[in-house]
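Numbered as in numbering that gives the first Met the number 0, the sequence shown ends at 511 without a single skipped number. For each residue, glycine too, the CB sits at the ideal point set by N, CA and C. These numbers were taken from a predicted model, which means no experiment stands behind them. Down below is the structure, laid out as structure tokens.
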Amino acid sequence: MLSALIWFPVLGAALISFLPGVLPASRFRWGAIAVSGFSLLWTMWLFIQFDSNATDIQMAEFLPWIPTLGINYSLGVDGLSLPLVALSNLLILVVVFSSDSLTSKSAELKRPRLFYALLLLISAGMAGALLAQNLLLFFFFYELELIPFYLLIVIWGGQKRDYAGMKFLIYTATSGILILAAFLAIGWLTGSANFEYSTIQTGELSQRAQLILLTVVLVGFGIKIPLVPLHTWLPDAYVEASTPTAILLGGVLSKLGTYGLARFGVGLFPETWSLITPGLSIIAAVCLMYGAMAAIAQKDIKRMVAYSSIGHMGYVLLGMAALTPLSMVGAVSQMVSHGLILALLFYLVGVIEVKVGTRELDVLNGLLNAIRGLPMISALLILAGMASAGIPGMVGFISEFLVFQGSFREFPIPTLFGVIGSGLTAVYFVILLNRTCFGKLDTKTAYYPRVTFKEHLPALALTGLILWLGIQPTWLVRWSEATTTALVEATPVERQIVVSQAPVAAAIAPQL
């Protein structure tokens, strides 16, 4: 059942790779659309089968692989992984569908088979990592993402793609080495017969050993998110990558880092995690403020969106640091909402770059002009900016609200910085919108190609989902509430806060 999300994209990638190269690129594109569309529909079916009230792993699959090394093909899904699997498959479909409009034509036409095969391999790797219940199996899929993303950057990227790709490769390879070292040490020190997540017990280890292992895990996944000061690969990779690749880097790959922290940081070291949460809350506040202030200083709108991603990942870390039921479910919700909003922003920026030929704020103006501008794209950009700033009625608001309400009691000062960071988000998006959408457009000299319905469709779909989940937030939070509450309950008693059986419903009900 779950294996279909891994092996069907792998099979699709193999078939596309062996198709005759003389076929037009559209044939490969439609083949990838069929495969990614199936994966998304299969994920929707998993939602129907999923019991949102259960805390255990569901739909488990187990097959011995290399028992002598403790490696088994063990899959399962819970409320922490299912929303992210859905996000991943949705964005893969969006990228495949829109790739002919957003990718450089010359680069895409040279190697269309490789391009779509790499996208499907990313889909398989993401599903495998999120569904893996064996630590080494998770690491295998975690590293499977490295080569496809590197190739997407260096082949279809911008002028500095080689530099950005190598920097991305070095940082993410370092992340993988740290994660592998931590997993091997966990298996060795605990004396576990295998690397199954459910059987590993770290509670018997000394606090010093747990702290060292957790620090390695934190740094490893912190590079992937990335957290400040491990973020220096992000601006170059996001900006030099093509728009489809940037959507997947920010909307999909970064979520492996936050998922890994929740699964293997909070999940395997609950007591030690609770000891370092004050420091984590400070790091979260730094990410929030740094990301927002760096975004304000940018002149390139794609780089501005890239820096905004750092700030929004700070909300996720703040929620996990507070370690309350509300903040944890808010952290998972923020992963999903950030993925949707960032994907929409990068998509719109990509359309503007293709139609106008620039991303510079000093050049762009008047795109909301109904005669010669890009009025629909500009209107959607305004909505995306509002969602990113956490305006009520959109999905960005509910996730930030849950994080703030859940974290204020534990860490009031970092939470206050989070609120300030949210305000600064509104500042840099006002700057962006004021310079791109408004102002005077010279209708005599400016003429931009019209945006077709096919080019509007991905943005309209993402905008509709952002609005729907903002108006009906229970459709977002209900899937992860039981799992995240169970993670909190595993922490020391003195760190737990007494809550109702449905804390999220109680929190958001007055706001609806």
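Alpha carbon to alpha carbon, how far is residue i from residue j?
{"i": "Met288", "j": "Phe148", "result": "28 Å"}
{"i": "Leu382", "j": "Ala425", "result": "12 Å"}
{"i": "Thr189", "j": "Val84", "result": "30 Å"}
{"i": "Met334", "j": "Val251", "result": "9 Å"}
{"i": "Glu239", "j": "Ser336", "result": "24 Å"}
{"i": "Leu486", "j": "Ile470", "result": "27 Å"}
{"i": "Val394", "j": "Ala192", "result": "43 Å"}
{"i": "Val498", "j": "Gly256", "result": "Confidence at Val498 is low in this model, with a pLDDT of 44, below 50, so its placement is unreliable and the value that follows should be read with caution. Cα-Cα distance, rounded: 28 Å."}
{"i": "Ala283", "j": "Tyr314", "result": "7 Å"}
{"i": "Cys179", "j": "Ala128", "result": "A quick correction: the sequence has Leu, not Cys, at residue 179. Those two C-alpha atoms are separated by around 14 Å."}
{"i": "Leu466", "j": "Met125", "result": "26 Å"}
{"i": "Lys166", "j": "Thr484", "result": "38 Å"}
{"i": "Leu120", "j": "Val215", "result": "28 Å"}
{"i": "Arg477", "j": "Ile15", "result": "37 Å"}
{"i": "Ile65", "j": "Ala59", "result": "18 Å"}
{"i": "Gly405", "j": "Leu325", "result": "5 Å"}
{"i": "Arg449", "j": "Ile390", "result": "30 Å"}
{"i": "Leu423", "j": "Gly438", "result": "22 Å"}
{"i": "Ser273", "j": "Gly156", "result": "41 Å"}
{"i": "Pro23", "j": "Cys286", "result": "45 Å"}
{"i": "Ser241", "j": "Ala489", "result": "42 Å"}
Tell me whether residue i is buried or exposed, calling it buried when 16 or more other Cβ atoms sit within 10 Å of its Cβ.
{"i": "Trp232", "result": "buried"}
{"i": "Phe220", "result": "buried"}
{"i": "Met303", "result": "buried"}
{"i": "Asp55", "result": "exposed"}
{"i": "Leu456", "result": "exposed"}
{"i": "Phe17", "result": "exposed"}
{"i": "Phe400", "result": "buried"}
{"i": "Glu480", "result": "buried"}
{"i": "Ala320", "result": "buried"}
{"i": "Pro161", "result": "Residue 161 is actually Asp in this sequence, not Pro. It counts as exposed."}
{"i": "Asn52", "result": "exposed"}
{"i": "Arg526", "result": "A query on residue 526 cannot be resolved here, the shown segment of the chain reaching from 0 to 511 and no further."}
{"i": "Leu452", "result": "In the sequence as presented, Leu is not what sits at residue 452; that position holds Phe. Answer is exposed; the Cβ neighbour count stays below 16."}
{"i": "Pro277", "result": "exposed"}
{"i": "Asp50", "result": "exposed"}
{"i": "Gln206", "result": "exposed"}
{"i": "Lys254", "result": "buried"}
{"i": "Asp235", "result": "buried"}
{"i": "Ser398", "result": "buried"}
{"i": "Gln158", "result": "exposed"}
{"i": "Arg112", "result": "buried"}
{"i": "Thr198", "result": "exposed"}
I think residue i touches residue j, with their Cβ atoms under 8 Å apart; what is that distance to the nearest whole Å?
{"i": "Arg371", "j": "Tyr447", "result": "7 Å"}
{"i": "Gly318", "j": "Met327", "result": "6 Å"}
{"i": "Val145", "j": "Gly175", "result": "Note on identity: in this sequence residue 145 is Leu, with Val being the wrong assignment. Between Gly175 and Leu145 the Cβ distance is about 7 Å, and since that is below 8 Å, they are a contact."}
{"i": "Tyr115", "j": "Phe7", "result": "About 14 Å separates the two Cβ atoms, so there is no contact after all."}
{"i": "Thr201", "j": "Ile185", "result": "7 Å"}
{"i": "Ser38", "j": "Leu4", "result": "6 Å"}
{"i": "Leu117", "j": "Leu143", "result": "Actually they do not touch by this definition, with Cβ atoms about 11 Å apart."}
{"i": "Ser35", "j": "Ile91", "result": "5 Å"}
{"i": "Gln57", "j": "Asp77", "result": "7 Å"}
{"i": "Lys301", "j": "Arg358", "result": "5 Å"}
{"i": "Val95", "j": "Ala31", "result": "5 Å"}
{"i": "Phe268", "j": "Leu213", "result": "5 Å"}
{"i": "Ala376", "j": "Leu347", "result": "A small correction: the amino acid at residue 376 is Ile; Ala does not occupy that position in the sequence shown. Going by Cβ atoms, the distance from Ile376 to Leu347 rounds to 6 Å, so yes, they are a contact pair."}
Tell me the residue span of the beta strand (DSSP E) that contains residue i.
{"i": "Ala59", "result": "57 to 65"}
{"i": "Leu74", "result": "70 to 76"}
If I follow the unbroken alpha helix (DSSP H) through residue i, where does it start and stop?
{"i": "Phe407", "result": "Per DSSP, Phe407 belongs to no alpha helix (DSSP H) and is neither H nor E."}
{"i": "Lys453", "result": "452 to 470"}
{"i": "Arg28", "result": "24 to 48"}
{"i": "Pro234", "result": "232 to 239"}
{"i": "Asn88", "result": "81 to 101"}
{"i": "Ile381", "result": "374 to 387"}
{"i": "Ala184", "result": "160 to 189"}
{"i": "Ala131", "result": "Counting along the chain, Ala131 falls outside any alpha helix (DSSP H), and DSSP gives it neither H nor E."}
{"i": "Met393", "result": "First-last for Met393: undefined, no H or E at that position."}
{"i": "Thr482", "result": "480 to 488"}
{"i": "Gly562", "result": "The question about residue 562 has no answer here: the residues shown for the chain are numbered 0 through 511."}
{"i": "Phe220", "result": "206 to 223"}
{"i": "Ala330", "result": "324 to 355"}
{"i": "Pro448", "result": "Premise fails: Pro448 is in no alpha helix (DSSP H) and is neither H nor E."}
{"i": "Pro147", "result": "145 to 155"}
{"i": "Leu475", "result": "473 to 476"}
If we require 4 or more residues per run, which alpha helix (DSSP H) segments fall completely within the stretch 247 to 316? Listed in chain order, the complete alpha helix (DSSP H) runs (minimum 4 residues) inside the stretch 247 to 316 are 253 to 259, 269 to 295.
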